[in-house]
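Engineer: Before I ask anything, here is the structure I am working with.
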Amino acid sequence: MADETTTRAQLAAALRAALPGSYTVYGYPLNLGPLSAAVTAAIVVERRKVEPAPNQGSARETFWIWVITDQLDEEKAEDTLDTALTTVLDALLPLTWCTAPDATRDRYDEQKHAYRIEITVNTNKE
């Protein structure tokens with residue numbers, strides 16, 4: 201069972217709660233096999249960097265949130281990703297504890313069509 205106290209787990213849980221059921225959210229990077237036909241997009245939450253924040257006892261965590269499609273056809277992949285990206289951004293924008301998302305077209309695992317969304321979260325030790 202995932203530790204819901206980590207920022208990564210909280211981010212994945214927030215996305216699971218906000219996204220439609222046809223989106224599968226993984227709270228960790230993985231070797232993603234073929235997606236089920238019922239899955240619109242796979243969402244992967246990956247923590248990329250942790251660094252000290254300006255306030256003592258706090259940290260700045262950088263995350264990549266991957267929006268991934270299994271579509272092989274370029275046009276279908278773009279159409280699927282356009283819709284999926286908008287849906288994921290709409291789910292992220294209300295999260296006041298993270299920075300505004302920045303999305304870049306990419307390939308997940310150098311294979312699957314994807315968008316890589318980068319966000320930053322400031323955390324404090326309590």
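The sequence shown lines up with residues 201 to 326 when you count with our numbering. Glycine is no exception: its CB is placed at the ideal position from the N, C-alpha and C atoms.
Which residues bound the alpha helix (DSSP H) around residue 288?
Structural biologist: Segment 274 to 292, the alpha helix (DSSP H) holding residue 288.
Engineer: What is the rounded straight-line gap between the Cα of residue 266 and the Cα of residue 285?
Structural biologist: For residue 266 and residue 285, the distance between alpha carbons rounds to 9 angstroms.
Engineer: Could you give the first and the last residue of the continuous beta strand (DSSP E) run that contains residue 217?
Structural biologist: Premise fails: residue 217 lies in the alpha helix (DSSP H), 207 to 218, not in any beta strand (DSSP E).
Engineer: Sort out for me which residues DSSP pairs residue 303 with in a bridge.
Structural biologist: Per DSSP, 317.
Engineer: Return yes when the Cβ of residue 211 is within less than 8 angstroms of the Cβ of residue 263, no when it is not.
Structural biologist: Yes, the pair counts as a contact, with Cβ atoms nearer than the cut-off.
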